[in-house]
Every structure is written in C-alpha cells, then in structure tokens.
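To get the working numbering, take the position in the sequence shown, counting from 1, and add 11.
The beta carbon of each residue, even a glycine, is placed where N, CA and C say it ideally should be.
Please read the structure below before turning to the comments.
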Amino acid sequence: MKAIDIVDEGRAEMPELPIPMLRDEHVHVRVTAVPGVRCGCDHVGVVEEVGSKVTKPFRKGHRIVGFVYEAQVSFKETRQNQSLAPSQPISSPREMCRSSPDDVSDEKAATPGISITTVGQGLNKSLKLPLPTEPAAERDPILSHGGSTATGIFGIQFVKLPGLRVITTCSPHNSDYLRSLGVVIRALSDGLRREPGLGTIVPVDEEALCREHPNVRGPPLVTLGYEIFSERCAFSWGKSPPKRDEFEFTGLSWETSRGLLARGLIRRVAPVVNRGRAGLEDALVGLEELRNGRVSAGQLVYAL
C-alpha cells in the first residue's frame, strides 16, 4: 500500500508498505478522504474487512469515519501492526470508528475526529469544564489561544454551548468568522482573572504565551490524542503509558459530539478540498501550504 510517512524532520516520503495485519479489534477501511492538516489521523472510507472481536454492526461496504496514528509517528514500537493515515488501505481501531452520516460528504465527514478528541481531552477531562450538553453553573471566561485552528473552532463551540464565555486570539482576517461563533476577540483578555485557557498551537512557546496572557495561571496540562488508543505511545521526546480512562472518555465525547453535529448545534470546520489536486500525492502539496501559512480557519482535505 501507499502511505505518506514523515521519515525525518522536514522530509516526507510515500513508500510502499505492507498492508497492516487485521487485528481482532480493528476494521480494514478503503480510504476515500483524509484531512491533510495533520498529515493523518482522521479518515473516511468504506469497510473492506472486519476483525473477529468487533461488536459494532460494521459490514463490508459500510461507510465510516475513524481515527488512527498519524504519519508523523515513525517509531517502530508505536507503529507495529498499526496503520498510518493518510494511507490506502488502513486498519482502524473499532472504538475509534463511527458510521458516517449519509447526508454529509466524505470531505466534510473527515474534519472533526482529532479536533473533537483533543477538545474533549483538554476542556472536559483535564480542565473539568462541563460537556456541551450540560449547562454551566457560572459563566466564567475561557481563553482559547489560536481560535481559528480546527481544534480552536471546535473548542470555542464546546465552551459556548454550556453557557461559558470565550475570549480568543486569531488573525485579523478571521475575526468576523470567530465572532459569528460567539467569541470575544483578545482585546478584552486583559480583564481575565486567573482563568483556564486552551492553547491549540504547537509547538507551544510558553514564554511568549505568558507574556501575551499574564493573567492565565495554573500548572500546564498537556493532552495527547494518541493516549486514547489505550496503548503505550513512543515519541522522539519520550513515551506515554497506556491510559484506559482517556480511551473511555473519548467514546463519550464522540457520541456527544455526533448528536450535536447531527442537530446542527456545532458547526464542522470548513473543508479546503484538494488544494493542488486530489490524491495521496497532492496531500504533500498541502503540507507546503501549511508550512507557508496559507491555510487558516479551515482544514485541508484530500479525496483519494
């Protein structure tokens, strides 16, 4: 199979890799669309084969969305028997798959997965903010640093639905769009007392962040989407142990979000479709677009 793989800092390749072994808890998926904004993770596709321990009602030909390790995870310990997105085909964990709505295009369906996962981990599990379906007891302000990223856009909506106030930072050309989601732009952030915040830009320049938002205090809490797989993750900077509670919480977060999306209570991030051309090769074009700062308030998606 073909897959985009980050083989070194600043260098991506598209090698031929063996088709992943179908694990008992996984589903083999023929991918039809992937978001290029994170070079992987999210995918939409059609089921080709179902593992023996998958209890969800997936059958061959079933259209689903899912979430797997991204191409940047290039460590053998983590990648063993795993799949990368974007690749063709992929092996997707059963609990990270959901049926894709019939009235939503593949390109739109590919956008929420990793962002909603990160938002649920950061806001609801780590910061203990109410779920979008639960009214907040108080209208405390929350700072979203980088509000026009895909994660920032979903995060703003997750904070607004319970009745909390959102203050954000963004580029001037995205101000009107974010105001339409109900936020206050950073000019008022000086009025923040020691309130929690969500940072959506990585890598994080902690010194710069503290200079810009001196009133946001508290120990930093780092969320890592890969922890939801309940397996040990290996990275260049260290290892993360299995965390079963992250896996279980993400299931709740996804089910909550699916209902809100279906009812139109949260908006999907606008897909920027096939910038360059369609196809796996041109997802590499998207990486250059990101590197040069030409993607904002949207999410690159490539049809395969």
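Return the CA-CA distance between residue i and residue j, expressed in angstroms with no decimal places.
| i | j | result |
| --- | --- | --- |
| D151 | V195 | 13 Å |
| E299 | A14 | 17 Å |
| D35 | V61 | 8 Å |
| L291 | V42 | 10 Å |
| R70 | S63 | 12 Å |
| R109 | A120 | 11 Å |
| R22 | G297 | 14 Å |
| D53 | V79 | 7 Å |
| F169 | T162 | 10 Å |
| E24 | P31 | 18 Å |
| K139 | R255 | 18 Å |
| V306 | V283 | 8 Å |
| P29 | D16 | 13 Å |
| S186 | E266 | 30 Å |
| S137 | R278 | 23 Å |
| G275 | I125 | 19 Å |
| P214 | D293 | Residue confidence is low: P214 scores 49 on pLDDT, short of 50, so the model does not pin down where it sits. Its coordinate-derived value is still stated next. Cα to Cα, P214 sits roughly 25 Å from D293. |
| S182 | G157 | 9 Å |
| H184 | M107 | 35 Å |
| R288 | L301 | 15 Å |
| L272 | V57 | 21 Å |
| L295 | T234 | 27 Å |
| P252 | E238 | 8 Å |
| L33 | I153 | 43 Å |
| K67 | D19 | 37 Å |
| G72 | D114 | 17 Å |
| E27 | M12 | 5 Å |
| G270 | I164 | 18 Å |
Can the beta-carbon of residue i be found closer than 8 Å to that of residue j?
| i | j | result |
| --- | --- | --- |
| S159 | V177 | no |
| G166 | L134 | yes |
| I101 | V55 | no |
| I75 | S116 | no |
| V65 | V38 | yes |
| G236 | T128 | yes |
| G304 | V280 | no |
| E59 | A314 | no |
Please report the Cβ distance between residue i and residue j, rounded to the nearest whole angstrom; I am assuming they are in contact, meaning their Cβ atoms lie under 8 Å.
| i | j | result |
| --- | --- | --- |
| F240 | F260 | At roughly 13 Å, the Cβ-Cβ gap does not stay under 8 Å, so F240 and F260 are not in contact. |
| P123 | S268 | 7 Å |
| S103 | G131 | No, S103 and G131 are not in contact; Cβ-Cβ is about 19 Å, not under 8 Å. |
| T179 | L189 | 6 Å |
| R286 | L311 | 6 Å |
| L175 | A147 | 5 Å |
What is the DSSP secondary structure of residue i, counted as helix, strand or coil?
| i | result |
| --- | --- |
| V273 | Going by the sequence as given, residue 273 is Ala instead of Val. A273: helix per DSSP, three-state reduction. |
| E36 | coil |
| S110 | strand |
| F78 | strand |
| I30 | coil |
| G7 | Past the boundaries of the shown model lies residue 7; the chain is included only from 12 to 315, so the question cannot be answered. |
| S103 | strand |
| E88 | Because E88 sits at a pLDDT of 43, beneath the cut-off of 50, its placement in the model cannot be relied upon, and the point is left open. |
| L311 | strand |
| A44 | strand |
| G56 | strand |
| A22 | The sequence given here places Arg at residue 22; Ala does not occur at that position. In the structure shown, R22 sits in a strand (DSSP, three-state: E or B). |
| A294 | helix |
Give a yes or no on whether 8 Å exceeds the smallest Cβ distance from residue i to chain D.
| i | result |
| --- | --- |
| R70 | Absence of chain D from the displayed structure is noted, only one protein chain being present. |
- request: Mind listing, in chain order, the continuous beta strand (DSSP E) runs of no fewer than 3 residues lying wholly within the segment 114 to 201?
  value: The segment 114 to 201 contains these whole beta strand (DSSP E) runs: 152 to 156, 176 to 180.
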